[in-house]
Structure formats: structure tokens, C-alpha cells
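These notes concern the structure reproduced below.
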Amino acid sequence: MRKKVIAGNWKMNMLPNEAISFIEQIAPLVKNTKNEIILCVPYTDLFYSLLTAQNTNIKIGAQNMHWEEKGAYTGEVSGQMLKSIGTQYVIIGHSERRQYFAETDETVNKKIKSALLNELNPIICVGETLEQRELGKAEEIITKQTELALEGLTKEQMKKVILAYEPIWAIGTGKTATSEDANNSIKAIRKKISELYGKDTANETIILYGGSVKAENAKELFSTSDIDGGLVGGASLKVDEFSKIILAV
Ligand code: 13P
């Protein structure tokens with residue numbers, strides 16, 4: 041049985057004082073859940089969030105990293121740096137990074153490898169655009185992205201990996217994929233993992249859905265056969281809403 045994972049992606053929101061207050065407020069509300077809770081916060085909130093989340097069941101992640109350990113890469117933050125302050129997770133290949141910051145399947149793969157070398161758990165995002173979906177290419181796109189992201193990873197490394205299926209047309213738009221569509225897309229990703237690593241690894245891999253997850257639709261999405269939880273944007277910024285999503289299943 042795979043555990044459920046509910047991850048928040050704060051994107052470029054929340055100042056340190058807001059992060060501290062959010063974690064202090066939500067921790068007691070969700071302390072009894074068996075679900076894994078992850079908050080992926082901006083770099084400037086990481087240290088404060090890690091300190092505030094100590095002795096709670098909330099894990100902290102970053103939203104990006106560079107693949108090199110160190111060097112002349114102005115403005116970048118490495119996996120080694122993230123690990124050094126206690127960060128456990130890092131989102132890699134979010135569609136906003138692919139779209140606005142020229143991230144490619146190749147850089148996504150490099151980042152994933154570097155995250156794993158630094159003992160960080162990557163949360164790898166894949167997803168199709170509306171146009172690709174309308175052309176009937178969604179499955180082809182997301183399975184290809186999955187294959188390229190995972191290229192060169194060992195079976196052992198796959199145990200540390202979380203995938204997130206985030207259809208681009210559902211992000212921040214209020215349009216959620218139907219639970220059936222999202223579940224089918226995630227099944228296709230799992231099938232690809234099975235081809236690459238075998239059935240056992242595929243059955244153990246956590247695959248999340250992201251795109252307008254709310255308290256209102258969380259239970260239905262997370263109760264399907266293959267959706268193992270959510271990667272939540274907007275709704276992870278509100279204590280009340282996010283705690284309901286965490287407790288939905
Ligand atoms: P929304 O939940 O705001 O649609 O964002 C989803 C997302 O991009 C999470 O990474």
C-alpha cells in the first residue's frame with residue numbers, strides 16, 4: 041500500500057514571518073494524520089520553515105535547485121546547499137520553470153541526479169499543455185517527459201523519487217482534471233515506470249496529481265486507484281483549506 045503524500049508548492053509567495061505563522065497554525069491541526077505532509081517554500085523561507093517545523097510531522101522542501109555543487113553560477117542554489125540546512129525535498133521540472141525559465145528535459149534530468157546524490161527527494165513534475173491534450177497527445181508527452189526525467193536512474197534511486205502529474209491547463213486556472221482523467225494519466229506514467237524498472241518499482245512509486253486541487257475536490261481525486269495525493273499550489277497558502285486537503289483522506 042502506497043502512503044498518501046500531500047505537498048504544498050508555495051511558489052513565489054510567503055515572507056518568512058508568514059511562513060512561520062502558517063506552520064505554527066497548521067501543525068496542531070494535522071498532527072494525527074498518517075499522510076506525509078511536505079511544504080515546498082521559497083529559498084528565503086527554508087531555514088525559518090525548517091526550524092518551525094522541527095518536532096512536527098511537516099517536511100520541508102525547496103522548489104528548484106542547480107545541478108552543480110558549487111561555482112560561478114550567480115543566483116543559483118545547489119542541492120548540497122539545500123541539504124546542508126536540512127531540506128529533504130525539492131520540486132524539479134515544474135511547468136512554470138520549463139515555461140518561463142527555459143528548463144529542458146535534459147536540465148531536469150541533471151537536477152534530479154544531483155538531488156539524489158545529495159540525498160534530497162526529488163518531486164518531479166510532468167504535464168501536457170491544453171493544445172497537446174486537444175491533439176490527443178497527452179499520454180505521449182507525459183510518458184516521454186517521465187522517461188527523459190528518469191534517464192540513468194537506478195532502481196534503488198527510484199525509491200527516493202516522487203512524481204507529480206500536473207496538466208498545465210489545470211494549474212492556477214480553477215479547472216481540475218476529472219478524477220478519472222487524472223487517474224488515467226497517472227496510470228500511464230506508472231505503466232512507463234513499469235516498463236523501465238519493473239512492476240514492483242512501479243507499484244511502489246508515489247505519483248501525485250497537481251492542478252487546482254482544493255478541499256472540495258481532494259477526496260475524490262485522492263480516492264482513485266493511482267493518485268497518491270496532491271501537489272497543491274494556491275490552496276496550500278491558506279491554513280484552513282490546506283489542512284482540509286491534508287485530512288481529506
Ligand atoms: P494550483 O493548485 O494553484 O493550480 O497550482 C498547482 C501547482 O502548480 C502545484 O505545483
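For reference, each letter of the sequence shown is one residue, going 41 to 289 in the numbering used here.
Where is the CB? At the ideal position from N, CA and C, for every residue including glycine.
Spatial neighbours of E143 in its own chain (CB-CB distance under 7 Å, excluding positions within 5 residues in sequence) are listed in chain order as G133, R137. The C-beta of T218 has fewer than 16 other C-beta atoms within 10 Å across all chains shown, which makes the residue exposed. Taking 7 Å as the cut-off, the C-beta of E206 counts as close to a heavy atom of the ligand 13P. In this structure, the C-beta of L79 stays at least 7 Å away from each heavy atom of the ligand 13P. A check of alpha carbon separations from T194 across I46, A242, K74 identifies A242 as the nearest. Residue environment for R42: exposed (fewer than 16 other C-beta atoms within 10 angstroms of its C-beta). Around Y237, the same chain offers K195, M198 as residues with beta carbons nearer than 6 Å, after the five sequence neighbours per side are excluded.
In this structure, the beta-carbon distance from I202 to I163 falls below 8 Å.
Per DSSP, L236 is one residue of the alpha helix (DSSP H) stretching across 219 to 237. With distances taken between CA atoms, K177 lies nearest to A228 out of L69, A228, K44. Distances from the CB of V279 to the heavy atoms of the ligand 13P are all 7 Å or more.
With a 10 Å radius around the Cβ and a threshold of 16 neighbouring Cβ atoms, Y140 comes out exposed. Per DSSP, L203 is one residue of the beta strand (DSSP E) stretching across 202 to 205. Unbroken beta strand (DSSP E) runs of no fewer than 3 residues, entirely contained in the region 131 to 178, are found at 161 to 166, following chain order.
Among the bridge pairs identified by DSSP, G101 is matched with C80, Y129.
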